[in-house]
Each structure stands twice: as C-alpha cells, then as structure tokens.
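For the sequence shown, the residue numbers in the working numbering are 4 to 290.
Quick notes on the structure that follows.
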Amino acid sequence: MRLREITESNELFLLDGSMGVYAIKLGINPKNILSANITDPEVIQSIHKGYVRAGSRGILTNTFNLTEESACQSGYTQREIIKAAVENARKALEGYDDGMVLFDMSPSGFIPDEQGDFPEAKALELYGAQAAYAREYGVDGVFIETIAQAEEMACAIRAVKENTTLPVFASMTFNAGGTSWYGSTIEDFAQVINELKPDCAGINCSIAPRETLPLLKRLSYLTDIPLCAKPNRGRPVLRGSETVYEMTPEEYASDLYEIYRLGIRILGGCCGTDEQCLKLFAQKVMG
Ligand SMILES: [Zn+2]
Numbered sequence: 004m005r006l007r008e009i010t011e012s013n014e015l016f017l018l019d020g021s022m023g024v025y026a027i028k029l030g031i032n033p034k035n036i037l038s039a040n041i042t043d044p045e046v047i048q049s050i051h052k053g054y055v056r057a058g059s060r061g062i063l064t065n066t067f068n069l070t071e072e073s074a075c076q077s078g079y080t081q082r083e084i085i086k087a088a089v090e091n092a093r094k095a096l097e098g099y100d101d102g103m104v105l106f107d108m109s110p111s112g113f114i115p116d117e118q119g120d121f122p123e124a125k126a127l128e129l130y131g132a133q134a135a136y137a138r139e140y141g142v143d144g145v146f147i148e149t150i151a152q153a154e155e156m157a158c159a160i161r162a163v164k165e166n167t168t169l170p171v172f173a174s175m176t177f178n179a180g181g182t183s184w185y186g187s188t189i190e191d192f193a194q195v196i197n198e199l200k201p202d203c204a205g206i207n208c209s210i211a212p213r214e215t216l217p218l219l220k221r222l223s224y225l226t227d228i229p230l231c232a233k234p235n236r237g238r239p240v241l242r243g244s245e246t247v248y249e250m251t252p253e254e255y256a257s258d259l260y261e262i263y264r265l266g267i268r269i270l271g272g273c274c275g276t277d278e279q280c281l282k283l284f285a286q287k288v289m290g
C-alpha cells in the first residue's frame with residue numbers, strides 16, 4: 004500500500020497502540036524490551052498481531068529508544084535489533100496486503116550542548132544508520148515519534164530522506180500548551196515540516212486525545228501536510244508499584260473519534276493504549 008493512496012483517501016488508516024507497557028505486562032523485563040525482538044519474538048509478534056486483529060494496518064517496529072548505547076546494553080547491535088524487529092512486525096502483517104511495517108525512530112538521546120546547539124552531526128549519523136538498516140530489511144516507511152526537539156526532528160527527517168526513498172511520518176510530542184520538554188513549539192515543528200516535507204506529520208504521546216485535538220487544529224492552520232496522531236490514554240497513575248491508566252477504552256475511543264471528526268485519518272494510540280481502545284475506535288468509525 005502506498006502512503007500516497009492512504010493520505011489521499013478519506014478512509015481511516017489505523018496505526019497501532021502502545022508496545023513497551025504491554026510487553027512488560029506480558030512478562031518482559033523493562034530492561035529487555037529491545038532484545039526481546041530476538042530472545043522472545045513470539046511475545047513481540049503476539050502484541051503486533053493483537054493490533055492487526057483490532058484493525059491496525061500501520062505497525063510500528065519494537066525499536067523505541069534504540070540508540071547506539073541502548074543496543075550495546077541489550078547485548079546486540081542496532082543492525083541485529085532492527086532486522087529482528089522488522090521481521091516480527093512483518094510476520095504479524097502476513098496476509099494483509101494493505102498493511103505497512105513502519106520503522107519506529109525515536110529520540111536520539113542527544114541534548115543541546117552548553118551553547119544550546121543540538122549535536123546535529125551525531126544525530127544525523129545515528130538516524131542515517133538506522134534508516135539504512137530499516138531500508139535494507141524491507142520496511143514500508145519510517146515513523147519518527149515522541150521527538151521533543153524541533154532540531155532533532157529536522158535531523159531525523161533529513162537522515163531518512165538522505166538514506167532512503169521511504170515514506171516518512173514525523174510526529175512530535177508536546178504538553179497540553181503545545182510546548183515540548185525542550186521548549187519547541189507547534190510553530191517550530193510546522194517550520195521544520197514545511198521545509199523538509201515529510202509525507203505525514205503529527206503529534207503523539209504525553210497527552211490525551213482531548214488535549215491533542217486543539218494542538219492538531221493549531222498545526223493544521225500552519226501546514227498542508229497530511230496529519231496523524233497517536234495520543235496517550237490520559238495520564239497514568241501509580242497504584243502501589245503498578246502504573247495504571249484510568250481512562251476506559253470506551254472513553255479513549257470516543258475521544259479519539261473527535262480527532263477523526265476533525266478530518267484526520269491516520270490515527271492510533273500511544274502509552275497505555277491497547278487493542279481494545281483501538282478496536283472500539285475502529286468500530287465507531289465504521290458506524
Ligand atoms: Zn507514549
């Protein structure tokens with residue numbers, strides 16, 4: 004399926020929901036989520052498959068937080084993790100010609116130096132290597148997500164475009180006021196995407212659908228690039244040692260539907276969301 008067809012159609016293209024929290028629930032040690040692609044492929048595949056059953060056709064690889072350092076800690080190389088992660092997502096989409104395996108590209112871990120300059124060369128190198136591996140192992144697109152620095156987003160988009168011809172989704176994360184942890188605003192993000200032209204741009208993580216909606220509206224006034232969103236299931240609360248999301252799947256589905264009503268057709272969930280949240284949402288769209 005070409006992304007162009009998706010963005011030009013008025014149909015819902017459902018992305019997936021959370022991975023990390025889910026994998027932990029299924030017994031994966033939080034420290035081993037990346038290596039689980041190799042050591043416990045059936046667990047990772049079962050999570051992907053759950054989303055596919057719920058109607059998701061854009062499946063993100065289990066590569067969130069992948070950096071040179073995290074790969075090293077996992078005992079594998081970035082290449083090995085990416086190869087296994089792509090295979091796991093591809094397996095879950097077997098038999099679904101309308102599905103896309105999307106390489107999940109996430110924060111580089113690099114922060115601005117004392118002069119306030121973002122280390123662009125290092126980020127370009129990291130993202131360039133990841134994009135090249137993802138292309139080599141046959142992904143259908145790259146989904147850049149949970150980025151909180153406009154400069155970092157620019158590096159990620161440039162790295163993908165310089166190393167591949169793959170479709171690029173570019174998604175940043177903001178607080179409810181539209182500012183990121185590093186102080187980037189929706190306007191800064193719009194400037195980056197208008198210049199570098201990813202195929203799709205959006206907002207994910209940090210906040211609930213209700214808080215994401217006005218930010219998407221604000222972004223829609225600033226760009227013509229098709230939009231996407233993957234909001235969190237509200238804010239988690241700590242109960243004992245367990246992190247719980249109090250928002251019900253029904254509430255999540257109906258709040259996400261409000262974003263759909265805005266005309267945004269590429270939608271999924273982030274932290275705390277599960278198959279149930281997305282299945283109920285897809286059912287709402289189908290009427
Ligand atoms: Zn998230």
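Cβ coordinates follow ideal geometry from the N, Cα and C atoms, glycine included.
Keep in mind the model is a prediction, meaning the values are calculated, not measured.
Notebook entry, point to check: So does T64 have its beta carbon nearer than 8 Å to some heavy atom of ligand 1?
Noted result: In this structure, the C-beta of T64 stays at least 8 Å away from each heavy atom of ligand 1.
Checklist line | Cβ-based burial, N40 [other Cβ within 10 Å; buried from 16] | finding: With a 10 Å radius around the Cβ and a threshold of 16 neighbouring Cβ atoms, N40 comes out buried.
Check: Looking at C-alpha atoms only, which residue of S187, S174 and V240 is the closest neighbour of Y248?
Finding: For Y248, the closest of S187, S174 and V240 by C-alpha to C-alpha distance is V240.
Check: Buried or exposed: where does L218 fall if 16 or more other Cβ atoms within 10 Å of its Cβ makes it buried?
Finding: Answer is buried; the Cβ neighbour count reaches 16.
Next item on the list: Work out the CA separation of S49 and F16 for me, nearest whole Å.
Entry: Roughly 21 Å between the two C-alpha positions.
Next item on the list: In angstroms with no decimal places, state the Cα-to-Cα distance between E83 and C273.
Entry: Between E83 and C273, the C-alpha separation is close to 25 Å.
Item checked: Anticipated Cβ contact below 8 Å, S111 with A151, distance rounded -> The Cβ separation is near 11 Å, so there is no contact.
Item checked: Test item: CB-CB of E214 and A173 under 9 Å -> Result no, Cβ atoms of E214 and A173 do not sit closer than 9 Å.
Next item on the list: Let me know the secondary structure DSSP gives A211 once reduced to three states.
Entry: DSSP places A211 in coil when its eight states are reduced to three.
Note to self: Determine whether the beta carbon atoms of Y3 and V89 lie at a separation below 9 Å.
What the structure shows: Residue 3 lies beyond the stretch modelled for the chain, which goes from 4 to 290, so this question has no answer here.
Notebook entry, point to check: Ordered along the chain, which non-local residues of its own chain (more than five positions away) have a Cβ less than 7 Å from that of Y91?
Noted result: Checking the displayed sequence, the identity of residue 91 turns out to be Asn instead of Tyr. So the list reads N40, P44, I47, Q48, H51 and N65, once near-sequence residues are dropped.
Check: Which runs of the alpha helix (DSSP H) fall wholly inside the stretch 78 to 164 and span at least 4 residues, in chain order?
Finding: Within the stretch 78 to 164, the complete alpha helix (DSSP H) runs of at least 4 residues are 81 to 95 and 123 to 139.
Margin query: Applying the 10 Å Cβ sphere with the 16-neighbour rule, what's the burial state of P33?
Written below: Exposed, by the Cβ-count rule.
Check: Measuring CB to CB, does S109 end up less than 9 Å from S77?
Finding: Taking the C-beta atoms as reference points, S77 is found no nearer than 9 Å to S109.
Margin query: Can you tell me whether G23 is helix, strand or coil according to DSSP?
Written below: Correct three-state label for G23: helix.
Margin query: Assess contact between the stretch 252 to 266 and the stretch 278 to 288, defined as three or more Cβ pairs (one per stretch) separated by less than 8 Å. Is contact present?
Written below: Yes: the two stretches touch, three or more of their Cβ pairs being nearer than 8 Å.
Notebook entry, point to check: Looking only at DSSP bridge pairs, what is K233 linked to?
Noted result: In the DSSP output, where bridge partners are listed per residue, K233 has N207.
Next item on the list: Excluding the 5 residues preceding and the 5 following K220 in the sequence, name in chain order all residues of the same chain whose CB lies nearer than 6 Å to its CB.
Entry: Excluding sequence neighbours, K220 sits near nothing in its chain.
Margin query: When you measure from the CB of C231 to every non-hydrogen atom of ligand 1, does any distance come out below 8 Å?
Written below: For C231, the shortest separation between its Cβ and any heavy atom of ligand 1 does not lie below 8 Å.
Notebook entry, point to check: Where does S223 fall in DSSP's three states?
Noted result: In the structure shown, S223 sits in a helix (DSSP, three-state: H, G or I).
Notebook entry, point to check: Whose CA, out of Y130, D100, C158 and F67, lies closest to the CA of D143?
Noted result: Minimum Cα distance to D143 is reached at D100.
Note to self: Beta-carbon within less than 8 Å of R93's beta-carbon, same chain only, minus the 5 sequence neighbours each way: which residues are those?
What the structure shows: Excluding five sequence positions before and after R93, the CB atoms of its chain that fall closer than 8 Å to its own CB belong to V104 and G141, given in chain order.
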